[in-house]
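Colleague: Below you'll find the structure I mean.
Numbering (this note's numbering), first residue to last: 18 to 481.
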């Protein structure tokens, strides 16, 4: 295939990726966006296969690895539950980063294959591109592994701090830049490997200090990193589709991280540097055994909601764990038949990744016009009769507004405590992912419903 024709097909693929991203910006067009993305990727892979120089041998290798990787990816995606989707995304990000590192290593060791020059005499621009791609890819790989371990519960979700962490990260980051400069002058193999090793370490040190409550932003940030790594390698390979795709993922991930930082009252630069939101949590954790709570059952919840004029549903990670979204939709349908107005309130960081709750509600065919973001619905809580909190914890915690020592202080929350009655479905009084007690449990207008979210919702349906 000629170079011009190759560039045209890669450009078409890039345009389809842009349309895919545009489609994914709205639930109504998300399926169409996914279809554009699939078509774009098929074109990109097909053109890559046709552009192989030694077609017979190269195609065989590519087909074997494509089948192996595709089969593993399809199996994992098919078997993984929705509750584990955040760690799956983190795992996939790590593979993108590692792939960028491998491609950079290949280009550095065999530059003649990629038309970059010869060993010891590689073009300066290509050296910079592959070094940055390898460095960002290495940071993405180890950072995503740490995020995966935290989300999976293998590693503690609490922030792990160490003395001088920001200075150490700064020194390592500057070291990478300095080494890249000397690499361009000497083209030393040892310097190239040193860049990768330092970047692997930097990825670990950037993510370890970040607590569980901030993991949704971490996922978005790592998504951005993986895109920039791909874009850097795209310049090295002179691959238009890879440059466009990487730039799209990198920029959209950065924009999403910024939006989520605003939603959590975090500093965007602290997110990039790592270790943001780290405070002493012990002062904000209250001893719940000494504080009385009011508990109820499905009969009480059904009575309150049936006699309400308006109900707001606040879903969280507990709903995802219990797979209660379908039962929730059935309960809402029953309330509507009784003339109750029902809406859904979604916090920007509810769950473990951006859009987690939106995906689950869409799976249960919840109408899009009933789902509202924090800014759109927060003023409605003061006029609401009943709020049904199903598994959300940190995003409803009033200490975010009252306790300066709390790790979530300053984070905008859903003002559920302002409603007339709060029904809080939870298995126990255990703290949320941020590791702090929820002051909402002990409010006079809160009725705790201690049960599995799905079972409790089904019991409420029976009583309705």
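C-beta: ideal position from N, C-alpha, C; glycine also. These numbers were taken from a predicted model, which means no experiment stands behind them.
What runs of the beta strand (DSSP E), each 3 residues or longer, lie entirely inside the region 310-361?
Modeller: Here the runs fully enclosed are 327-332.
Colleague: What's the call for residue 161, buried or exposed, on a 16-neighbour Cβ count within 10 Å?
Modeller: It is buried - the Cβ of residue 161 has at least 16 other Cβ atoms within 10 Å.
Colleague: Are the beta-carbon atoms of residue 368 and residue 337 separated by less than 8 Å?
Modeller: In contact: residue 368 and residue 337 (Cβ atoms closer than 8 Å).
Colleague: Determine the direct distance from the alpha carbon of residue 330 to that of residue 295, and round the result to whole angstroms.
Modeller: With a pLDDT of only 45 at residue 295, under the threshold of 50, the placement of this residue in the model should not be trusted, and no figure is reported.
Colleague: Keeping to the same chain, check which residues put their C-beta closer than 7 Å to that of residue 110; ignore five residues upstream and five downstream.
Modeller: Taken in chain order, the residues that qualify are 157, 161, 239, 240, 243.
Colleague: Using a Cβ-Cβ cut-off of 7 Å (strictly less than) and excluding sequence neighbours within five positions of residue 135, which residues of its own chain qualify?
Modeller: Excluding sequence neighbours, residue 135 sits near 128, 129.
Colleague: Select from 116, 47, 226, 225 the residue whose C-alpha is nearest the C-alpha of residue 248.
Modeller: It is 116 whose Cα lies nearest to the Cα of residue 248.
Colleague: Around the C-beta of residue 222, are 16 or more other C-beta atoms found within 10 angstroms, so that it is buried, or is it exposed?
Modeller: Residue 222 is buried by the Cβ-count criterion.
Colleague: Taking the beta carbon of residue 5 as the centre, do at least 16 other beta carbons fall within 10 Å, making it buried, or is it exposed?
Modeller: With the chain covering only 18 through 481, there is no way to say anything about residue 5.
Colleague: Determine which residues share a DSSP beta bridge with residue 408 and list them.
Modeller: BP columns for residue 408 point to 332.
Colleague: Considering only their Cβ atoms, is the gap separating residue 443 from residue 399 smaller than 8 Å?
Modeller: Going by C-beta atoms, residue 399 is not nearer than 8 Å to residue 443.
Colleague: Please state whether DSSP places residue 133 in a helix, a strand or coil.
Modeller: Three-state result, residue 133: coil.
Colleague: Could you pull out every residue in the same chain whose Cβ sits closer than 7 Å to the Cβ of residue 261, ignoring the five residues on either side in sequence?
Modeller: Counting only Cβ-Cβ distances below 7 Å, and skipping sequence neighbours, we find 31, 34.
Colleague: State the Cα-Cα distance for the pair residue 26 and residue 63, rounded to the nearest angstrom.
Modeller: The straight-line gap from Cα to Cα measures roughly 10 Å.
Colleague: Relative to the ligand ATP, is the shortest distance from any of its heavy atoms to the C-beta of residue 267 smaller than 7 Å?
Modeller: As presented, the structure is devoid of all ligands, the ligand ATP included, so that no description of it is given.
Colleague: For the putative contact between residue 246 and residue 333, defined by C-beta atoms under 8 Å, what is the C-beta separation to the nearest angstrom?
Modeller: About 32 Å; that fails the 8 Å criterion.
Colleague: Closest to residue 142 by CA distance: which of 250, 103, 106, 40 is it?
Modeller: It is 250 whose Cα lies nearest to the Cα of residue 142.
Colleague: Please list, in chain order, all residues of the same chain as residue 306 whose beta carbon is under 8 Å from its beta carbon, the five residues on each side excluded.
Modeller: Per-residue confidence for residue 306 stands at a pLDDT of 49, beneath the threshold of 50, marking its modelled position as unreliable; no derived number is given.
Colleague: With 16 as the cutoff for other CB atoms within 10 Å, does residue 119 come out buried or exposed?
Modeller: Exposed.
Colleague: Secondary structure at residue 374, three-state DSSP: helix, strand or coil?
Modeller: DSSP places residue 374 in helix when its eight states are reduced to three.
Colleague: Taking 6 Å as the limit between beta carbons, can you name the residues of its chain near residue 374, skipping five residues before and five after?
Modeller: Correct list, in chain order: 332, 363, 367, 368.
Colleague: Is the Cβ-Cβ distance between residue 453 and residue 430 less than 8 Å?
Modeller: Contact: no.
Colleague: Classify residue 55 as buried or exposed, calling it buried when 16 or more other Cβ atoms lie within 10 Å of its own Cβ.
Modeller: Exposed: under 16 other Cβ atoms inside 10 Å.
Colleague: Using beta-carbon positions only, say whether residue 413 and residue 457 come within less than 8 Å of one another.
Modeller: The answer is yes: Cβ separation under 8 Å.
Colleague: Which residues in the same chain have their Cβ closer than 7 Å to the Cβ of residue 150, if we skip the five residues on either side of it in sequence?
Modeller: Here the set comprises 117, 121, 246, 249, 250, 253.
Colleague: Give me, in chain order, the residues of the same chain whose beta-carbon lies closer than 8 Å to that of residue 83; leave out the 5 immediate sequence neighbours on both sides.
Modeller: Correct list, in chain order: 62.
Colleague: Nearest-angstrom Cα distance between residue 126 and residue 342?
Modeller: Rounded to the nearest angstrom, the two C-alpha atoms are 51 Å apart.
Colleague: Are the CB atoms of residue 481 and residue 264 nearer to each other than 8 Å?
Modeller: It is not a contact, given that the beta carbons lie outside the stated cut-off.
Colleague: If we call anything under 8 Å between Cβ atoms a contact, is residue 446 one with residue 311?
Modeller: No.
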